[in-house]
Every structure is written in C-alpha cells, then in structure tokens.
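Contents: one structure, followed by commentary.
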Amino acid sequence: MQRAASILAIAIAGTFVTSLSVAQDDAPAPTKPADAFIQQLDTDGDGKVSLEEALAPQKPRFTETDTDGDGFISMEEASTAFNNQVPAEMLEAMKERGMPDPGETFVKNLDKDGDGKVSPAEFEQPTVESFERMDADSDGFATNEEATAFFEEMQRQMQEQMQKMQQMQQQQEGAAGPQQ
C-alpha cells in the first residue's frame, strides 16, 4: 500500500509538471518545474502558492470528468477521461502488458471510503498531500525554494523507480534464458 501511495504521489507530481508546462502568453516559458508551478498557480502574484491556489485547477478537472454531474467520478467516467487523454497506442500497449484499466486504477487508488467512486475531497487529497510535503515550513504557502526541493525529490524518486523497474525487467529476461 505504501508503494502504491508513493507511485500515486509521483504521478501527481508528474501531473503538476505536465499541467503546468503550458506557458502564459505574456511570460517566457519557465525552465524548471518549480518555476512553472509558481508561474501558473500563483494567481495573487505574491511569489508563492497557497493550498487554495494549488487546488483551483482541480475543481474544473473534477467537473469535466464527472460527466453525469452526480458529484462523483465513477470508474466508467475515469476510464472515459483516460481514453480521451491518453494516446490509443499507449492504452493498447498497457492492455497488452496486462495492466489494469487506468480508470479502474484511478478510482481504486483514490476511493478511500470504498464506495466505488471518487468524491471531490478524495479527488483533491493527493494534491493536498503533495502540497503539505512541499510546504516544508508548514506556513500554508509553497515558495519557489520549497517547490524546487519537492520536484527534485520527485525526480529522484522517479529515477529510482525506473532503475528498479529496469532491474526487474533484466532479471525476468535473465530468468527466461536465451530465446531460440
């Protein structure tokens, strides 16, 4: 469970970086994830990001994904959202490797009360947890320095995960022996 939580945290950090990489029209594109994080989410211009600012993009994403408007994201809605956003060939490769449906995984990872769907609070929880880790001094704001440290740690963890995955793949290939 701890491993799933770390993978989810890494995915959330990746989402931060990916969703923040779009530069504003009047500003040069930031070169570091922390710069993009501050530039895109610091809506009041104070040079730091509050939890409210970090959560602001989550609200429209939730509403967009909750296509039936019942206030929850079901596995079907999550699957549809992934199918609309992830290239078909990537989804097919995941399926060929026996990986579960990303919508199902999404709901299973976020559904803390076990009701089979994701509430707005459950949807926001990974961002809240990531923000709390980023806000090293617990003052309610993430500064550029704190964001830099957070993203550097996420990058380190992703590299570590990739190395472990490569080692596992090499071990599996070695155990299978030479193919004839």
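Per mature numbering (1 follows the signal peptide of the UniProt record, and there is no 0), the sequence shown runs over residues -23 to -1, 1 to 157.
All residues carry an ideal CB built from backbone N, CA and C; glycine is no exception.
Excluding residues up to 5 positions away in sequence, S56 lie with their Cβ nearer than 7 Å to the Cβ of D78 in the same chain. Taking the Cβ atoms as the reference, G24 lies roughly 7 Å from I15, within the contact range of under 8 Å. Pairing S51 with K94 gives a Cβ-Cβ distance under 7 Å. Nearest in C-alpha terms to F118, of all of E29, M131 and R38, is E29. In this structure T42 is buried. Its beta-carbon is surrounded by 16 or more other beta-carbon atoms within 10 angstroms. Cβ atoms of A11 and F128 come within 8 Å of each other, at about 5 Å. For V105, the uninterrupted alpha helix (DSSP H) run begins and ends at P97 to M111, by DSSP.
When only Cα atoms are considered, Q102 and F83 end up about 13 Å apart. A direct Cα-Cα distance of roughly 39 Å separates T104 from G151. A straight-line Cα-Cα distance of about 21 Å links G48 and N60. A direct Cα-to-Cα measurement between M111 and E122 gives close to 9 Å. Annotation for K25: no alpha helix (DSSP H) segment contains it, and DSSP assigns it neither H nor E. Of T120, K141 and Q138, the smallest CA-CA separation from D19 is found for T120.
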